[in-house]
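Asks:
Numbering (UniProt numbering), first residue to last: 1 to 475.
(1) The alpha helix (DSSP H) with residue 255 in it runs from where to where?
(2) How about residue 58 and residue 125: do their beta carbons lie closer than 7 Å?
(3) Considering only C-alpha positions, which residue in the set 157, 146, 129, 186 is nearest to residue 171?
(4) Just mark residue 217 as buried or exposed, buried being the case when its beta carbon has 16 or more other beta carbons within 10 Å.
(5) Report the start-end ranges of each beta strand (DSSP E) in the UniProt domain "Caspase family p20" (57-137) that is 3 residues or longer and not cut off at the edges.
(6) In whole angstroms, what is the alpha-carbon distance linking residue 390 and residue 455?
(7) Checking 7 Å against the spacing of the C-beta atoms, do residue 186 and residue 235 come in under that value?
(8) Provide the residue span of the alpha helix (DSSP H) that contains residue 441, from first to last.
(9) Run through DSSP, which three-state label would residue 359 get?
(10) Closest by CA to residue 261, which one among 333, 215, 247?
(11) What are the start and end residues of the beta strand (DSSP E) that includes residue 385?
(12) Measure the C-alpha to C-alpha separation of residue 381 and residue 161 and round it to an integer number of angstroms.
(13) Could you compute how far the alpha carbon of residue 278 sits from the alpha carbon of residue 264?
(14) Beta-carbon separation of residue 77 and residue 231 under 7 Å?
(15) Quick check on the burial criterion: 16 or more other C-beta atoms within 10 angstroms. Buried or exposed for residue 111?
(16) Among the residues of its own chain, which have a CB less than 8 Å from the CB of residue 415, if the five just before and after it don't count?
(17) When burial is assigned at 16 or more other CB atoms within 10 Å of the CB, is residue 314 buried or exposed?
(18) Which value, in whole angstroms, describes the spacing of the CA atoms of residue 375 and residue 367?
(19) Rounded to whole angstroms, what's the CA-CA distance from residue 220 to residue 201? Just pull it up for me.
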């Protein structure tokens, strides 16, 4: 992450979060006033009044939507994407800033101003960045193509005229291990003819405290309707679930529900070509906390309004949920989740149970494969095995599986080649191309060229393009 010049400090933030939030609100107001006349502020950039409630972690979002591209490459749904997402995020308690059709300088200025607000916010704030427009990949870097730049331009022109996801967005925002940072990339095309080439964005790993959601898998483009009255497929599902999902589910589970919904919509679409090129959204996650979808009600509302619905309808439901939450073995998670959904179909946590069941079923099927040598003993918590990571891996989290592998690698707390390889095999089978390439390099180092070639090919099938320096290291 980048180190920036100091902004108004919050020396009491760790000891007095309420004071930190009051100072942040004062600072945010000052930033809004100071930037009102900036080059990127109007008409391209607009900011909503802050709906942050006293006593709760603030929520802030920056939405960038680029529709304006050269003739034949414009993306009609993008402005509707931003309008609809902004409306539902505001209802979920976010202070939203939006930018439409930004060139590179304006996009960087908007992101820098947003990052300044984030650095001044309390450490438990929820931060969301959203980009919808054309995306591209040059030298393994994910590019967010600026307005009026052709996505078919030469690679050097694209690189000069686009923000990079890693450096200009993720690297610009400070790490927030006690908060939650979300980056959503809905990078699209309108022409099905362009899809057959199969190019798209690269796989990434999220820094600590961050969740990165892509509208489609690495190396695969997303399709945008040629109609400004419709949303893109991914943003349509995101808006729908933000609007209708239970307040009790976490943001992590929300994005997995969006993934399931997009896949279901596109695999059952009446247009055969859309079924053929169905999007399978990609999630990279390294979050440390579980943040509920709905903000907590303000204290004054609790005293004057009807009580909020209870999280559980009965003691049995609460006990069944606690048992499901504690499970780490995929087959057991899948069984408990199915039983929970059968016994409590109207639960406010039914969506989270569905996510657990889907992920655990995939993980359990992978563990039955002969090419994945990872056994039940690997799922036992221990000093070198954080239980929280086991819980995630048991639900099919490919990134948690890779982090568990590295705990057994040569740089980890306890070197164990068998566990290292087994967890990386599991992560690769779950779709982690970075883990697959790491395993290929490992097998090359230990003199197993056939396995190295197998996992390198798997990494590329998953859409992972290693950086040029890393790619050269294998030769």
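Each residue gets a CB set at the ideal place from its N, CA and C atoms; glycine is no exception.
Small disclaimer: the values here were computed from a predicted structure and weren't measured.
Replies: This is what the structure holds:
(1) Numbered from its first residue, the chain shown carries residue 255 at position 255. Per DSSP, residue 255 belongs to the alpha helix (DSSP H) from 251-267.
(2) For the purposes of this step, residue 58 is identified with residue 58 of the chain shown, where counting begins at 1. For the purposes of this step, residue 125 is identified with residue 125 of the chain shown, where counting begins at 1. Yes, the Cβ-Cβ distance between residue 58 and residue 125 is below 7 Å.
(3) Start at 1 with the first residue of the chain shown, and residue 171 comes out as number 171. Among 157, 146, 129, 186, the Cα nearest to that of residue 171 is on 129.
(4) Locating residue 217 in the chain shown gives position 217, where the first residue counts as 1. That one is buried.
(5) 59-65, 95-100, 126-133
(6) Here residue 390 refers to the residue found at position 390 when the chain shown is read from its first residue. Here residue 455 refers to the residue found at position 455 when the chain shown is read from its first residue. Taking the straight line joining both Cα atoms gives about 23 Å.
(7) Taking the first residue of the chain shown as position 1, residue 186 is located at position 186. Taking the first residue of the chain shown as position 1, residue 235 is located at position 235. In contact: residue 186 and residue 235 (Cβ atoms closer than 7 Å).
(8) As a first step, residue 441 is located in the chain shown; it is residue number 441 there, counting from the start. Counting along the chain, the alpha helix (DSSP H) containing residue 441 begins and ends at 433-445.
(9) Walking along the chain shown from the start, residue 359 turns up at place 359. The answer is helix: DSSP assigns residue 359 an H, G or I state.
(10) As a position in the chain shown, residue 261 is number 261, starting the count at 1. Nearest C-alpha to residue 261: 215.
(11) Working through the chain shown from its first residue, we reach residue 385 at position 385. Per DSSP, residue 385 lies in no beta strand (DSSP E) segment and is marked neither H nor E.
(12) In the chain shown, residue 381 corresponds to position 381, counting from 1. In the chain shown, residue 161 corresponds to position 161, counting from 1. Going from the Cα of residue 381 to the Cα of residue 161 covers about 48 Å.
(13) Here the question's residue 278 lines up with position 278 in the chain shown. Here the question's residue 264 lines up with position 264 in the chain shown. Spanning the two alpha carbons is a distance of roughly 9 Å.
(14) In the chain shown, the residue the question calls residue 77 occupies position 77. In the chain shown, the residue the question calls residue 231 occupies position 231. Against a cut-off of 7 Å, the Cβ pair of residue 231 and residue 77 comes out as a contact.
(15) Indexing the chain shown from 1 puts residue 111 at position 111. Buried: at least 16 other Cβ atoms inside 10 Å.
(16) Taking the chain shown and counting its residues from 1, one reaches residue 415 at position 415. Closer than 8 Å at Cβ, skipping near neighbours: 408, 409.
(17) Position 314 of the chain shown holds residue 314. Exposed, by the Cβ-count rule.
(18) What you label residue 375 is simply residue 375 of the chain shown in a count that begins at 1. What you label residue 367 is simply residue 367 of the chain shown in a count that begins at 1. Each residue's CA atom was taken as its position, placing residue 375 and residue 367 some 7 Å apart.
(19) Taking the first residue of the chain shown as 1, we reach residue 220 at position 220. Taking the first residue of the chain shown as 1, we reach residue 201 at position 201. When rounded, the distance between both Cα atoms is 7 Å.
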